[in-house]
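Engineer:
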Amino acid sequence: MITASAPGKLILLGEHAVVYGKPAVALAIDRRFACSLETSDEDMLNGRPADFSKHPYIHHMLRKHGVTNVAIDTVSDIPAGSGLGSSAALSVSVSAAIRSMKGESVTEEDIAMDAFDTEYEVQGRASPVDSSASTHGKGIVVNGPGERLWSASRGGNAWDISEIDIPDMTLVVGYTGLHAPTGPLVEKVRKFREKNRFGYDIVEEIGVATLEGINALGVGDIARLGELMSYDHKLLTILGVSCAELDKLVNAVSPYSYGAKLTGAGGGGSMISLTDRPDKVCEVIERRGGQPFAVRTNVKGVSVLNRS
Ligand code: PMV
233 MITASAPGKL ILLGEHAVVY GKPAVALAID RRFACSLETS DEDMLNGRPA
283 DFSKHPYIHH MLRKHGVTNV AIDTVSDIPA GSGLGSSAAL SVSVSAAIRS
333 MKGESVTEED IAMDAFDTEY EVQGRASPVD SSASTHGKGI VVNGPGERLW
383 SASRGGNAWD ISEIDIPDMT LVVGYTGLHA PTGPLVEKVR KFREKNRFGY
433 DIVEEIGVAT LEGINALGVG DIARLGELMS YDHKLLTILG VSCAELDKLV
483 NAVSPYSYGA KLTGAGGGGS MISLTDRPDK VCEVIERRGG QPFAVRTNVK
533 GVSVLNRS
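Spelled out as structure tokens, the structure:
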């Protein structure tokens, strides 16, 4: 049996615009998805006979590697549809487990590209930000400065993924409890951007703010980074991917934060606060009906454990 695990992530700046090749910055967090894989007489998922065609990410990954007759067990502390990269962490860990089982290459780049391909095909459109952050761990930048890890291109867009050093900072996540699948939100932005010059301009503006934020991160200017995060939330709201619950939590924590914004696809899911008052922020999120948790960053990416 092979067991692999991979972290969830949060996007500090640049979600949605990154789908169109704009920059983004994402950090892996101390919440993980783990899967164990072994050959079996019939397809099994978590101890029961399974029809993998009902599990699109796993199905796509198995088909891609020509694997049939497997038993997969999963365990995760990343809430699904929470904007914290659960589908990428699933794809990354399943790719690592399959590749190990088959004796194939398990470089970070191979795994990240497998997971990106799966996210792209299942969601109809995606960027490599989630899959790269989950594979590499720590902090990654897309289409910005830093030491290059790998590159990807798809549908006329191209992305260079780099590693970035992350200064010490405290981030609190507030989960709305609303499950919001990524695909429909990405599709909503596509329509808005294609039909409206205004939508196009907002995506460009997110790109500009994100690059400035990456530079602020690089020099440890947490105050400026926070301002840009709050600004990014406003731009994402104009794009139509926020919701009342997210706005309520973002507004409530703002007096105690350098900055706050939705993270990931939006429409529910989670928001983040960059703060030096994590206890107060957690209390405020809880009082407004959200589920708060402080996250640790600078965590390791995909890991494979070989048990037989
Ligand atoms: O909500 P998540 O964790 O699936 O993050 C999605 C990030 C998007 O930029 C909206 C989509 C993407 O593939 O980059």
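Numbering (the numbering used here), first residue to last: 233 to 540.
Beta carbons: idealized from backbone N, C-alpha and C, even for Gly.
Computed from a predicted model, the values in this text were never measured in an experiment.
#1: I want to see whether chain C comes within less than 7 angstroms of Arg519, judged by CB atoms only; does it?
#2: Can you tell me whether Asp362 sits near the ligand PMV, meaning its C-beta is under 6 angstroms from at least one heavy atom of the ligand?
#3: Can you tell me whether Asp346 is buried or exposed, with buried defined as 16 or more other CB within 10 angstroms of its CB?
#4: Does the distance between the C-beta of Val251 and the nearest non-hydrogen atom of the ligand PMV fall short of 6 angstroms?
#5: In this structure, what does DSSP give as the bridge partners for Ile234?
#6: Does DSSP put Met416 in a helix, a strand or coil?
#7: Quick one: what does DSSP say Arg386 is sitting in, helix, strand or coil?
#8: Report yes if the C-beta distance between Ala260 and Lys241 is below 7 angstroms; otherwise report no.
#9: Where do the N-terminal and C-terminal ends of the alpha helix (DSSP H) with Val440 fall, by residue?
#10: Tell me whether Ala344 counts as near the ligand PMV, meaning its Cβ is closer than 6 angstroms to at least one heavy atom of that ligand.
#11: Do you know offhand how far Ala492's Cα is from Gly253's?
#12: Thinking C-beta only, is Gly496 closer than 7 angstroms to Glu270?
#13: Taking 7 angstroms as the cut-off, decide whether the C-beta atoms of Ser535 and Leu316 are in contact.
#14: Can you have a look at Ala329 and say buried or exposed, based on whether 16 or more other CB atoms are within 10 angstroms of its CB?
#15: With distances taken from CA atoms, which of Gly388, Gly369, Lys334, Ser337 is nearest Ala358?
#16: So, for Thr414: in the same chain, excluding its five sequence neighbours on each side, which residues have a beta-carbon less than 6 angstroms away from its beta-carbon?
#17: If we ignore side chains and look at the alpha-carbon of each, how far apart do Ser383 and Ile396 end up?
#18: Give a single yes or no on whether Thr414 has its beta carbon closer than 6 angstroms to a heavy atom of the ligand PMV.
#19: Which residue comes first and which comes last in the alpha helix (DSSP H) that contains Gly406?
#20: Whole angstroms are fine: how far does the CA of Val482 sit from the CA of Leu494?
#21: Could you work out which residue in Ser462, Glu336, Trp391 is closest to Asp362 when comparing CA atoms only?
#22: Looking at C-alpha atoms only, which residue of Lys420, Gly335, Ser314, Val250 is the closest neighbour of Ile234?
#23: Please confirm whether Leu542 and Ser474 have their CB atoms less than 7 angstroms apart.
#24: Please list, in chain order, all residues of the same chain as Thr300 whose beta carbon is under 8 angstroms from its beta carbon, the five residues on each side excluded.
#25: Which residues does DSSP pair with Leu526 in a beta bridge?
#26: Could you pull out every residue in the same chain whose Cβ sits closer than 8 angstroms to the Cβ of Thr402, ignoring the five residues on either side in sequence?
#27: Compute the minimum distance between the beta carbon of Ser359 and the heavy atoms of the ligand FAD, and state whether it is under 6 angstroms.
#28: Taking Gly313 as the reference, which of Ala238, Asp453, Pro416, His368 has the closest Cα?
#29: What do you get for Arg264, buried or exposed, if any count of 16 or more other CB atoms within 10 angstroms of its CB means buried?
Structural biologist: According to the structure data:
#1: You won't find chain C in this structure, because it holds only one protein chain.
#2: Checking every heavy atom of the ligand PMV against the Cβ of Asp362, one is found closer than 6 angstroms.
#3: The residue is buried, with at least 16 neighbouring Cβ atoms inside 10 Å.
#4: Because some heavy atom of the ligand PMV lies under 6 angstroms away, the Cβ of Val251 counts as near it: yes.
#5: Per DSSP, Leu269, Asn538.
#6: Here residue 416 is Pro; the residue named in the question, Met, does not match the sequence. DSSP places Pro416 within a helical segment (H, G or I) once states are collapsed to three.
#7: Looking at Arg386 - three-state DSSP - the assignment turns out to be strand.
#8: Cβ atoms of Ala260 and Lys241: closer than 7 angstroms.
#9: Val440 -> alpha helix (DSSP H) spans 429 to 450.
#10: Outside the cutoff, so no.
#11: Spanning the two alpha carbons is a distance of roughly 23 angstroms.
#12: Cβ distance not < 7 angstroms, so Glu270 and Gly496 don't count as in contact.
#13: Their beta carbons are not under 7 angstroms apart, which means Ser535 does not touch Leu316 by this criterion.
#14: Counting Cβ neighbours within 10 Å, Ala329 comes out buried, since at least 16 surround it.
#15: When only C-alpha atoms are compared, the closest one is Gly388.
#16: Non-local beta-carbon contacts of Thr414 in its own chain, meaning distances under 6 angstroms to residues more than five positions away in sequence, involve Gln355, Ala497 in chain order.
#17: A straight-line Cα-Cα distance of about 15 angstroms links Ser383 and Ile396.
#18: Short note on Thr414: C-beta closer than 6 angstroms to some heavy atom of the ligand PMV.
#19: Not the alpha helix (DSSP H): Gly406 falls in the beta strand (DSSP E), residues 403 to 407.
#20: Leu494 and Val482: Cα-Cα distance of roughly 7 angstroms.
#21: By alpha-carbon distance to Asp362, the top candidate from Ser462, Glu336, Trp391 is Trp391.
#22: Nearest Cα to Ile234 within the set Lys420, Gly335, Ser314, Val250: Gly335.
#23: A question about residue 542 goes unanswered here, because the residues of the chain that appear run from 233 up to 540.
#24: Hits under 8 angstroms: Asp275, Leu294.
#25: The question names Leu, yet the displayed sequence has Ala at residue 526. Looking at the DSSP assignment, Ala526 forms a beta bridge with Val404.
#26: Residues of the same chain with a CB within less than 8 angstroms of the CB of Thr402, apart from the 5 flanking positions on each side, are Leu506, Thr507, Asp508, Pro510, Ala526 in chain order.
#27: The ligand FAD is absent from the structure shown, which contains only the ligand PMV.
#28: Measuring from the Cα of Gly313, the nearest candidate turns out to be Pro416.
#29: Buried is the call here.
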